[in-house]
Amino acid sequence: MSRKRTWAVLALSLLALLPGCASRAATAGGSATPVAHAIQNTGSDTLVNLALAWAERYMPEHPGVRISVTGGGSGTGIAALINGTTDIANASRALKKEEFDAAQKNGITPVEFAVARDAIAIVVNPANPVNGLTLPQLSDIYQGKITNWRQVGGEDRPIVLLSRESNSGTYVYFLEHVLRLGAKSDLLFSPDTLLMPSSEGISAEVRQNPNALGYDGLGYVTSDQKVVAVAKNASSPYVKPSVATVNDGSYPISRPLFMVTAGQPTGQVKDYLDWIIHDGQALVVELGFVPLK
194 MSRKRTWAVL
204 ALSLLALLPG
214 CASRAATAGG
224 SATPVAHAIQ
234 NTGSDTLVNL
244 ALAWAERYMP
254 EHPGVRISVT
264 GGGSGTGIAA
274 LINGTTDIAN
284 ASRALKKEEF
294 DAAQKNGITP
304 VEFAVARDAI
314 AIVVNPANPV
324 NGLTLPQLSD
334 IYQGKITNWR
344 QVGGEDRPIV
354 LLSRESNSGT
364 YVYFLEHVLR
374 LGAKSDLLFS
384 PDTLLMPSSE
394 GISAEVRQNP
404 NALGYDGLGY
414 VTSDQKVVAV
424 AKNASSPYVK
434 PSVATVNDGS
444 YPISRPLFMV
454 TAGQPTGQVK
464 DYLDWIIHDG
474 QALVVELGFV
484 PLK
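Each position in the sequence shown, counted from 1, maps to that position plus 193 in the numbering used here.
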């Protein structure tokens, strides 16, 4: 994350500690100051900026609530939910069966709430002349079957593959729905793929490397990257990701984004999720994501 986003995460995390400090101060002084309710929110790096924006908007309107937001990836958030160390796990993919089973062994039944939608954009350096790729071409590229831009209508240059790390929900979604094309298989990313720790890492490499090919959530695409149109196959139209093309189903790589709770939420957690699903949708478009229908 950028320095600004890092400070935002730290600031919100510190806010979550304030209720305990206030409680000790009240005890020492003999007053009965009420303790604010703290909500721990952990997980998806795709969702972290949106989750921060929601928390920053919600807390001033609800002074009895303190929300701590941290990233780390969908897998990290889901693991925290299974271990009982977070109230809400952010995930850019659905839970895997083994994760659901592990939660139930701990007496937890995860409940997924779609809170926004996203398109996974295919990005290249602005100097790259390639304007469109099909899903089968992307699959072959990320498997290592296609290794030169010339094979897909570009210049005679090697393709430098960029991907998120395996703990990322975006990585898992791309593996299952693009590289494996939605089929059950054991296909994996080419060993030449560079695994980047963040969306910012992919953006930085694409900006400086004319041979790079990456993918990222639509909300993280910057103006100094070129977005490639994607077609389902060679006979289908090439479509760029946008709110409109996600809404009408024409862009082929889109997904819901989730917040997951341990059982049906109650109290302040339920109130917060209700606000996100309704009033909080106004922030979704501001941050470049797609609101719920």
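Even for Gly, the Cβ is constructed at its ideal location relative to N, Cα and C. A quick note: this is a predicted structure, and the numbers were derived from the prediction, not measured.
Short Cβ contact (7 Å threshold) for residue i with residue j
i: G412; j: G481; result: yes
i: D349; j: V462; result: no
i: N234; j: V258; result: no
i: E358; j: P390; result: yes
i: T239; j: G410; result: yes
i: G337; j: V323; result: no
i: T340; j: A427; result: no
i: I469; j: V304; result: no
i: S267; j: L450; result: no
i: A244; j: N283; result: yes
i: V316; j: V241; result: no
Coil, strand or helix - residue i by DSSP
i: A231; result: strand
i: L406; result: strand
i: N341; result: strand
i: R357; result: strand
i: A218; result: Because the pLDDT at A218 is just 33, under 50, the model does not fix this residue reliably, and the value given afterwards should be weighed accordingly. In the structure shown, A218 sits in a helix (DSSP, three-state: H, G or I).
i: G346; result: coil
i: A427; result: coil
i: L375; result: The sequence given here has Gly at residue 375, not Leu. Three-state result, G375: coil.
i: G394; result: helix
i: P351; result: strand
i: L380; result: coil
i: L331; result: helix
i: V478; result: helix
Beta-carbon contacts of residue i that lie in its chain and below 7 Å, excluding the five residues immediately before and after
i: V439; result: R310, A312, S447 and V483
i: S443; result: V432
i: L380; result: Q336, L372 and R373
i: A204; result: Residue placement at A204 is flagged as unreliable, the pLDDT there being 42, under the threshold of 50; the coordinate-derived value follows with that caveat. Answer for A204: no residue qualifies.
i: Y364; result: S356, R357 and E358
i: S332; result: V371, L372 and L374
Of the listed residues the options, nearest to residue i (C-alpha basis)
i: L476; options: F293, W247 and L240; result: W247
i: A405; options: A320, P445 and Q297; result: A320
i: L274; options: V478, A455 and K486; result: A455
i: Q457; options: A376, P351, T302 and S429; result: T302
i: P403; options: W342, S378, S435 and G277; result: W342
i: P445; options: V453, L245 and S435; result: S435
6 Å Cβ shell around residue i - same chain, five flanking residues per side excluded
i: I395; result: L355, M389, G407 and D409
Other residues of its chain near residue i: CB distance less than 8 Å, five sequence neighbours each side excluded
i: G265; result: T235, G236, D238 and N360
Any beta strand (DSSP E) of 3 or more consecutive residues that is wholly inside the stretch 257-325: 258-265, 281-284 and 303-317
Uninterrupted alpha helix (DSSP H) stretches inside the stretch 429-466 (no shorter than 4 residues): 436-440
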